[in-house]
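*Asks:* Numbering (the numbering used here), first residue to last: 349 to 840. Questions regarding the structure given below will be posed in turn.
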Ligand code: SF4
């Protein structure tokens, strides 16, 4: 089936949301809103208000014919609330129309397309209680019971951490957007650090960014709750560079709060000395990320390390008393369920405190998508049923290791419409991951491509964001302009 779809809607403000629902079923659909005479299917949506309800009707004809009408109680409230309910109504109608057309499609999260299902569940529970929230997730959004269960477990684990947030709390993020090689699936704007890369300009800019941010937080009397050094791969810095950045950050901020985490993602960038430097600067948690423990996969996806280097780095960090997270990715090209089970078996033997199970999201900017054609990708990637088994295997392994789900997020283009889940042994959850994913704490972010956020708590919680440019050169040249925006945001 060719997939050019003409979307005719009387609510163009929700065209992207309706398109997201269509792509749950037809991931490569090319959706247009202007008729070019070359479409294969026409989808029409309408939304009208009756005395007590919103009534959404969605129909399709062409390559597939279907229709669905959905009524949703009219909701009084401010403009934002009314908009949210209208959007919900049209999204559910679009989802159900597509589900009628493709009854066997694998859509375990139902009509939910947002990246934070736990945030939604928490809001629903706060508004209407646990039972009604569950009913909405299952009956209104058509979420599968097992997805509701994992969202519920995650939300319950998070609650005490979220309750502990004070009004002026802020987290610090320091980004090093450089890696040793580029992973085949990477869609981040990270640069490759070679032997010739001059890191000095970036380090100088990052230090200036940190200096300004620290001053701002002091002026605003913010309280630092947690800090995170991410990337890219922060341990791609040399030992001297790493020490210089950490020395400077601690000097400016004075503290990194209750928790300091660093990604040491690529095991081949970790040395004992770097671990000592991290430890000496108060880093208590690190991520050593195998992604897979299968050598053939590591080569295929462009990671420049071997499974034994992963173990060496892990046990070095273990000797030094870090809380360790290991990231793995399911649905990697060429892997079957046995490969994933083997990776999980290796992780279980290492006994990390945290394990994050990702599902591969194939974004257009990744080398995998650009270099290999869609047909070939389909031949080397697991189908949705296997993808789901892989994610279940990750969940079972986490349970076997005594871990609970504590944060989760979804991305567009994820294999099988699945999710990423962070698991932790009780008492070892990463505060920063919860704060960042649930958007419950402001973040002062430093480094190219990082995102500062100000969270304004209250009944209608508001989050405002200020991105640093992704391109390193632009980041350096715009540093002070972005600082002015941060000043406005954090001191308002
Ligand atoms: S380690 Fe992460 S940021 Fe670096 S290339 Fe791989 S996916 Fe991209």
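Where a beta carbon is used, it is the ideal one built from N, C-alpha and C, also for glycine. These numbers were taken from a predicted model, which means no experiment stands behind them.
Taking the C-alpha atoms as reference points, what is the distance between residue 780 and residue 519?
*Replies:* Computed Cα separation, rounded: 7 Å.
*Asks:* Leaving aside the five residues before and after residue 351 along the sequence, list all residues of the same chain whose C-beta is less than 7 Å from its C-beta, in chain order.
*Replies:* Cβ within range, chain order: 374, 376, 377, 378, 388.
*Asks:* Count the other CB atoms within 10 Å of the CB of residue 428; is the residue buried (16 or more) or exposed (fewer)?
*Replies:* It counts as exposed.
*Asks:* Sorry if obvious, but does the Cβ on residue 679 come closer than 7 Å to a heavy atom of ligand 1?
*Replies:* Checking the Cβ of residue 679 against ligand 1 gives no.
*Asks:* Would you mind sorting residue 508 into buried or exposed? The rule is 16 or more other CB atoms within 10 Å of its CB.
*Replies:* It is exposed - the Cβ of residue 508 has fewer than 16 other Cβ atoms within 10 Å.
*Asks:* What residues in its chain sit with their C-beta under 6 Å from that of residue 576, if we drop five residues either side in the sequence?
*Replies:* Counting only Cβ-Cβ distances below 6 Å, and skipping sequence neighbours, we find 521, 609, 780.
*Asks:* Cβ of residue 581 versus every heavy atom of ligand 1: is any distance shorter than 7 Å?
*Replies:* Because some heavy atom of ligand 1 lies under 7 Å away, the Cβ of residue 581 counts as near it: yes.
*Asks:* Does the distance between the C-beta of residue 538 and the nearest non-hydrogen atom of ligand 2 fall short of 7 Å?
*Replies:* As far as ligands go, the structure on display features ligand 1 and does not contain ligand 2.
*Asks:* Along the chain, which unbroken stretches of the alpha helix (DSSP H) at least 4 residues long are found entirely within the region 609 to 684?
*Replies:* For the region 609 to 684, whole alpha helix (DSSP H) runs of length 4 or above, ordered along the chain, are 620 to 628, 643 to 648, 655 to 667.
*Asks:* Determine the DSSP secondary structure at residue 537, reduced to helix, strand or coil.
*Replies:* Here residue 537 sits in coil by DSSP.
*Asks:* Counting Cβ pairs, one atom from each stretch, are 3 or more of them under 8 Å apart for the region 757 to 769 and the region 694 to 710?
*Replies:* Enough Cβ pairs lie closer than 8 Å, so yes.
*Asks:* Take residue 355 as the anchor and find which of 741, 382, 445, 760 has the nearest alpha-carbon.
*Replies:* Ranking 741, 382, 445, 760 by Cα distance to residue 355 puts 382 first.
*Asks:* I'd like the list of long-range same chain contacts for residue 448, defined as Cβ closer than 8 Å, with 5 residues on each side in sequence excluded.
*Replies:* 414, 415, 416.
*Asks:* Closer than 7 Å: is that where the CB of residue 405 sits relative to any heavy atom of ligand 1?
*Replies:* No, the beta carbon of residue 405 sits no closer than 7 Å to any heavy atom of ligand 1.
*Asks:* Just the C-alpha distance for residue 367 and residue 506, rounded to the nearest angstrom, thanks.
*Replies:* Roughly 31 Å between the two C-alpha positions.
*Asks:* Taking its Cβ as the centre, do 16 or more other Cβ atoms sit within 10 Å of residue 570, making it buried, or is it exposed?
*Replies:* Buried: at least 16 other Cβ atoms inside 10 Å.
*Asks:* Identify whether residue 694 lies in helix, strand or coil by the three-state DSSP scheme.
*Replies:* DSSP places residue 694 in helix when its eight states are reduced to three.
*Asks:* Using the Cα positions of residue 559 and residue 444, report the straight-line distance between them to the nearest angstrom.
*Replies:* Cα to Cα, the separation comes out at about 52 Å.
*Asks:* Pull up the DSSP beta-bridge partners for residue 402, would you.
*Replies:* Looking at the DSSP assignment, residue 402 forms a beta bridge with 397, 420.
*Asks:* Output the distance between the C-alpha atoms of residue 598 and residue 516, rounded to the nearest integer angstrom.
*Replies:* Near 20 Å, if we compare the C-alpha coordinates of residue 516 and residue 598.
*Asks:* If you measure from the CB of residue 295, is any heavy atom of ligand 1 nearer than 7 Å?
*Replies:* The displayed coordinates of the chain run from 349 to 840. Any statement about residue 295 would go beyond what the structure contains.
*Asks:* Note down the Cα distance separating residue 752 from residue 624, rounded to an integer number of angstroms.
*Replies:* In a straight line, the C-alpha of residue 752 is about 29 Å away from that of residue 624.
*Asks:* Can you tell me whether residue 465 is buried or exposed, with buried defined as 16 or more other CB within 10 angstroms of its CB?
*Replies:* Answer is buried; the Cβ neighbour count reaches 16.
*Asks:* Check whether the region 618 to 635 touches the region 647 to 656, counting contact only when three or more Cβ pairs, one atom from each stretch, lie closer than 8 Å.
*Replies:* Touching, no.
*Asks:* Buried or exposed for residue 809, please, with buried defined as at least 16 other CB atoms from any protein chain shown within 10 angstroms of its CB.
*Replies:* Classification of residue 809: exposed, given that the 10 Å Cβ count is below 16.
*Asks:* Can you list, in chain order, the residues of its chain whose CB lies under 7 Å from that of residue 430, leaving out five sequence neighbours each side?
*Replies:* Here the set comprises 423.
*Asks:* Name the DSSP bridge partner or partners of residue 414?
*Replies:* DSSP output for residue 414 lists 408 as bridge partner(s).
*Asks:* With H, G and I counted as helix, E and B as strand and the rest as coil, what does DSSP make of residue 790?
*Replies:* Note: residue 790 maps to strand in three-state DSSP.
*Asks:* Just tell me which of 641, 678, 645, 649 has its CA closest to the CA of residue 660.
*Replies:* For residue 660, the nearest C-alpha among the options comes from 641.
*Asks:* I need the DSSP call for residue 455, collapsed to helix, strand or coil.
*Replies:* Coil, per DSSP.
*Asks:* Would you list the residues sitting across from residue 841 in a DSSP beta bridge?
*Replies:* Lying before the first or after the last residue shown, residue 841 is absent from the chain, which here runs from 349 to 840.
*Asks:* Just confirm the distance between the C-beta atoms of residue 362 and residue 435, as a whole number of angstroms; I'd bet it's less than 8 Å.
*Replies:* About 5 Å separates the two Cβ atoms, so the contact holds.
*Asks:* Among 530, 531, 550, 543, which has the Cα closest to the Cα of residue 524?
*Replies:* For residue 524, the nearest C-alpha among the options comes from 550.
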